[in-house]
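Remarks on the structure that follows.
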């Protein structure tokens with residue numbers, strides 16, 4: 005993920021699909037204290053629980069706890085938030101929606117799937133993300149998915165045998 009996003013210290017990341025916040029934590033760790041990570045979650049219950057956890061969880065790993073605390077969360081649809089942003093407002097805009105074709109091995113996501121927003125990413129949202137992103141728009145999906153082509157992602161990052169790939173639009 006960090007490779008697909010080309011993250012480094014000081015960058016800004018907009019995670020449009022916060023979910024459990026794992027990818028936002030990795031992003032925050034990668035961009036360090038000088039960076040900024042904003043996580044959007046459209047489902048109020050998920051945003052409340054995850055936002056609380058990010059700001060209150062006591063981790064034994066201090067750098068991880070710091071990374072968690074730096075993440076700003078907002079309960080809002082990504083499409084609405086993106087429309088309010090200036091051009092090039094974030095270095096990277098990231099999407100990890102619920103996979104159209106879920107990985108059956110991902111049992112930890114089963115409870116979230118019932119609560120999560122089932123809407124597919126649209127070409128219009130991707131276009132708006134391209135306006136808001138300075139360098140890249142990145143989309144995480146099942147490696148066998150047709151969503152990459154449908155949404156216009158032609159650069160795909162991921163291992164030959166990986167079940168997950170990242171579509172990348174370099175701007």
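Residue numbers (my numbering): 5 to 175. Note that beta-carbon positions come from the ideal geometry of N, C-alpha and C, so glycine has one too.
(1) For residue 167, count neighbouring C-beta atoms within 10 Å of its own C-beta (all shown protein chains included) and say buried if the count is 16 or more, exposed if not.
(2) For the beta strand (DSSP E) that contains residue 173, what are its first and last residues?
(3) Residue 162: which of 33, 140, 154 and 148 sits nearest, CA to CA?
(4) Helix or strand or just coil, what does DSSP make of residue 94?
(5) When burial is assigned at 16 or more other CB atoms within 10 Å of the CB, is residue 62 buried or exposed?
(6) Skipping 5 residues on each side, what residues in its chain have a beta carbon closer than 6 Å to that of residue 129?
(7) Mind reading off the beta-carbon distance from residue 31 to residue 11? Whole number of angstroms is fine, and I expect it under 8 Å.
(8) For a test of the three-state rule: what should DSSP assign to residue 57, helix, strand or coil?
In short:
(1) Exposed is the call here.
(2) If you look at residue 173, you'll find it in the beta strand (DSSP E) that goes 168–174.
(3) Of the listed residues, the one whose Cα sits closest to residue 162 is 148.
(4) If DSSP states are grouped into helix, strand and coil, residue 94 belongs with the strands.
(5) Exposed is the call here.
(6) Only 83 meet the Cβ criterion.
(7) With a Cβ gap of about 6 Å, residue 31 and residue 11 count as contacting.
(8) In the structure shown, the three-state DSSP call for residue 57 is helix.
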